[in-house]
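>
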Amino acid sequence: MLENKTLPLENTTDCLSTMASVCKVMLETPEYSSRFSSEDTLLFCMRVMVGVIILYDHVHPNGAFNKSSKIDMKGCIKVLKDQPADNVEGLLNALKFTTKHLNDESTPKNIRTMLQ
Numbered sequence: 005m006l007e008n009k010t011l012p013l014e015n016t017t018d019c020l021s022t023m024a025s026v027c028k029v030m031l032e033t034p035e036y037s038s039r040f041s042s043e044d045t046l047l048f049c050m051r052v053m054v055g056v057i058i059l060y061d062h063v064h065p066n067g068a069f070n071k072s073s074k075i076d077m078k079g080c081i082k083v084l085k086d087q088p089a090d091n092v093e094g095l096l097n098a099l100k101f102t103t104k105h106l107n108d109e110s111t112p113k114n115i116r117t118m119l120q
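Start counting the sequence shown at 5; every next residue gets the next number (the numbering used here).
Right under this line is the structure:
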């Protein structure tokens with residue numbers, strides 16, 4: 005008989021923050037992003053990064069925007085803002101409108117400002 009064992013929450017949030025970090029580094033490092041033969045791969049990378057940030061924000065008790073978050077939100081937002089606006093408008097809106105903790109008091113002002 006199979007037992008339903010759940011992973012500790014920290015394993016999940018560590019995995020999500022690592023995925024966000026890997027995507028961010030792939031996007032912001034010309035040496036890596038230049039290896040992508042298709043713009044679709046860059047777009048996919050951005051979507052994955054935003055998706056895991058949203059998941060992290062919903063799963064972690066303090067969210068993705070908190071100072072104690074393991075996700076470099078400032079870096080992730082900057083990477084998105086450095087892309088052509090028509091590629092990232094929807095992704096930035098997803099961060100603005102589908103996250104749970106963006107408007108928390110614990111969210112640093114500079115992060116909120118970056119997303120306005």
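Built from N, CA and C at the ideal position, the CB exists for glycine as well.
Just so you know, these numbers come straight off a predicted model, no measurement behind them.
Would the segment 26-41 count as touching the segment 74-87 if we require 3 or more Cβ pairs under 8 Å?
Yes: the two stretches touch, three or more of their Cβ pairs being nearer than 8 Å.
> Drop a sphere of 10 angstroms on the beta-carbon of LEU95, count the other beta-carbons inside from all chains shown, and report buried for 16 or more, exposed for fewer.
By 1-based counting over the sequence shown, the position of residue 95 is 91. Classification of LEU95: buried, given that the 10 Å Cβ count is 16 or more.
> Consult DSSP for PRO34 and reduce its assignment to one of helix, strand or coil.
Residue 34 sits at position 30 when you count from the first residue of the sequence shown. Here PRO34 sits in helix by DSSP.
> Could you compute how far the alpha carbon of TYR36 sits from the alpha carbon of MET53?
Your numbering for residue 36 matches position 32 in the sequence shown. Your numbering for residue 53 matches position 49 in the sequence shown. Roughly 16 Å separates the two Cα atoms.
> Tell me whether SER73 is buried or exposed, calling it buried when 16 or more other Cβ atoms sit within 10 Å of its Cβ.
The residue labelled residue 73 in the question sits at position 69 within the sequence shown. By the 10 Å Cβ count, SER73 comes out buried.
> Compute the Euclidean distance between the alpha carbons of ASP90 and LYS113, then round it to the nearest angstrom.
On the sequence shown, position 86 is the one that residue 90 refers to. On the sequence shown, position 109 is the one that residue 113 refers to. Distance between the alpha carbons of ASP90 and LYS113 is about 25 Å.
> Can you grab the Cα-Cα spacing for the pair HIS105 / THR16, in whole Å?
Sequence index remark: in the sequence shown, residue 105 carries index 101 (1-based). Sequence index remark: in the sequence shown, residue 16 carries index 12 (1-based). Going by the C-alpha atoms only, they are around 18 Å apart.
> Output needed for ASN70: all residues of its chain with C-beta closer than 6 Å, excluding positions within five of it in sequence on either side, in chain order.
Here residue 70 refers to the residue found at position 66 when the sequence shown is read from its first residue. Only SER110 meet the Cβ criterion.
> By DSSP, does LYS104 sit in helix, in strand, or in coil?
Here residue 104 corresponds to residue number 100 of the sequence shown, with the count starting at 1. Note: LYS104 maps to coil in three-state DSSP.
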